[in-house]
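Structure record follows, encoded as structure tokens.
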Ligand SMILES: Cc1cc2nc3c(=O)[nH]c(=O)nc-3n(C[C@H](O)[C@H](O)[C@H](O)COP(=O)(O)OP(=O)(O)OC[C@H]3O[C@@H](n4cnc5c(N)ncnc54)[C@H](O)[C@@H]3O)c2cc1C
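Numbering (this note's numbering), first residue to last: 1 to 321.
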């Protein structure tokens, strides 16, 4: 049976009056799209790292149609677009993003299920999906309880943890393609790999997942254990972007950086976490530049010591100052 929504959907809002107009050279953003628009909005307010220069235009759509409208405007005026979920896997440079940033959340977070098939909007937080499915007796994404972000970001990044990833339960994704058409793509037609989907140029609007029955109490106690482990072993509650580097075949990135003696190394407001060396934390007004310099220090040291080239897991986006 379809699950009732916990809260009624937020009514579509009209665009809030912008404090400032669009920057020189950009046409006015359409005023009739449901959602809120801001100009020169600091992206550090909208990423878990609390880092990022301004977006020329920053739009939070209240409906999937408003996403389509914003993308059509960007296409017509050749404005670059960056789509964000929670901003939990990005490092946005200090010069910000010259173009349109669309951040998906409320209004695109509908969820329903029937016979083990869950339909989920891209704006739903992944931990909420994990909690809700476990409470209702479904297994398959419950171990993503400690993966911050939205379902759209989880599909785009093929997020995973503790032996589960989105690709292994995905039936299909609803996408806005580069031409502005809403399409349904089956899982087998998406090039999922480790922490990637190959969906560049598309906006994930939602997805359908196939979940298996599970015993709610057992699933919830597994979640409590996993969250406890994360809190103990990673700087879970500090501003950060999760793992900075992918784990190479030889070892974990954290272990290699630790063996170079870099735990606790600080540069400006950024620090290689004392708890887990594959995390960089913002300990006070860090700039993207501080983080990039620390990334370089860690990479160089690991290469010098072990001859291993670390690859980034975090997405570095935007322009330098
Ligand atoms: C403390 C912490 C722990 C973490 N642990 C894990 C972990 O265990 N496993 C793991 O996989 N990840 C982990 N991460 C990384 C991150 O949580 C995931 O990658 C998450 O799925 C990103 O979702 P998001 O909505 O925040 O995406 P964002 O960070 O906003 O975006 C990431 C990328 O996806 C694109 N994107 C986002 N939404 C959409 C959309 N709707 N359509 C198209 N493109 C989109 C963006 O353009 C960007 O390229 C962790 C992060 C933190 C801060």
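Built from N, CA and C at the ideal position, the CB exists for glycine as well.
Measuring CB to CB, does residue i end up less than 7 angstroms from residue j?
i, j, result
"residue 207", "residue 141", "no"
"residue 143", "residue 162", "yes"
"residue 196", "residue 247", "no"
"residue 293", "residue 267", "yes"
"residue 149", "residue 85", "yes"
"residue 205", "residue 118", "no"
"residue 95", "residue 109", "no"
"residue 245", "residue 310", "yes"
"residue 47", "residue 90", "yes"
"residue 254", "residue 278", "yes"
"residue 239", "residue 93", "no"
"residue 184", "residue 172", "yes"
"residue 42", "residue 30", "no"
"residue 146", "residue 230", "yes"
"residue 187", "residue 209", "no"
"residue 201", "residue 191", "no"
"residue 262", "residue 224", "no"
For residue i, count neighbouring Cβ atoms within 10 angstroms of its own Cβ and tell me buried if that reaches 16, exposed if not.
i, result
"residue 15", "Because the pLDDT of residue 15 is 42, which lies under 50, any placement of that residue in the model is unreliable, and the number read from its coordinates should be weighed accordingly. Buried is the call here."
"residue 88", "buried"
"residue 153", "buried"
"residue 257", "buried"
"residue 251", "exposed"
"residue 38", "buried"
"residue 285", "exposed"
"residue 228", "exposed"
"residue 181", "exposed"
"residue 17", "Any reading at residue 17 must be qualified, since the residue scores a pLDDT of 45, below 50, and its modelled position is unreliable; the value itself is stated next. Answer is exposed; the Cβ neighbour count stays below 16."
"residue 3", "Since pLDDT at residue 3 reaches only 43, below the 50 mark, its modelled position is unreliable, and the value read off the structure follows with that caveat. Exposed is the call here."
"residue 58", "buried"
"residue 300", "exposed"
"residue 121", "buried"
"residue 320", "exposed"
"residue 130", "buried"
"residue 134", "buried"
"residue 6", "Note on residue 6: pLDDT 42, under 50, position unreliable in the model; the coordinate value appears next. Residue 6 comes out exposed."
"residue 125", "buried"
Name the two residues that bound the continuous beta strand (DSSP E) containing residue i.
i, result
"residue 308", "Segment: none, residue 308 is in no beta strand (DSSP E) and carries neither H nor E."
"residue 174", "170-176"
"residue 245", "Neither: residue 245 is in no beta strand (DSSP E) and is coded neither H nor E."
"residue 54", "54-61"
"residue 42", "35-42"
"residue 206", "203-210"
Give me the DSSP bridge partner(s) of residue i.
i, result
"residue 281", "271"
"residue 92", "317"
"residue 119", "112, 208"
"residue 213", "138"
"residue 101", "58, 82"
"residue 183", "175"
"residue 161", "164"
"residue 218", "Per DSSP, none; premise fails for residue 218."
"residue 266", "271"
"residue 125", "150"
"residue 196", "193"
Looking at residue i and ligand 3, is the gap between the Cβ and the nearest heavy atom below 6 angstroms?
i, result
"residue 83", "Questions concerning ligand 3 fall outside what the structure shown contains, since the ligands it does hold are ligand 1."
Quick check on the DSSP output: the alpha helix (DSSP H) that includes residue i runs from which residue to which?
i, result
"residue 154", "151-157"
"residue 84", "Taken as a continuous stretch (DSSP letters only), residue 84 belongs to no alpha helix (DSSP H), being part of the beta strand (DSSP E) at 81-84."
"residue 256", "253-259"
"residue 67", "64-77"
Do the stretch 283-299 and the stretch 63-76 touch if we need at least three Cβ pairs shorter than 8 angstroms?
-> Three or more Cβ pairs closer than 8 angstroms define a contact, and the stretch 283-299 falls short of that threshold against the stretch 63-76.
Segment contact flag, the stretch 20-39 with the stretch 257-273, C-beta cutoff 8 angstroms, min 3 pairs = No, because fewer than three Cβ pairs between the stretch 20-39 and the stretch 257-273 fall closer than 8 angstroms, the two stretches do not touch.
Assess, as a yes-or-no matter, whether the stretch 69-81 is touched by the stretch 99-113 under the definition of 3 or more beta carbon pairs within less than 8 angstroms.
-> As far as the Cβ criterion goes, the stretch 99-113 touches the stretch 69-81, which means the pair count is three or higher.
Three-pair Cβ contact test at 8 angstroms for the stretch 215-225 versus the stretch 123-143 | With the cut-off at 8 angstroms, the stretch 215-225 and the stretch 123-143 touch.
Does the stretch 164-181 come close enough to the stretch 227-241 that 3 or more CB-CB pairs lie under 8 angstroms?
-> Judged by pairs of C-beta atoms under 8 angstroms, the stretch 227-241 does not touch the stretch 164-181, as fewer than three such pairs exist.
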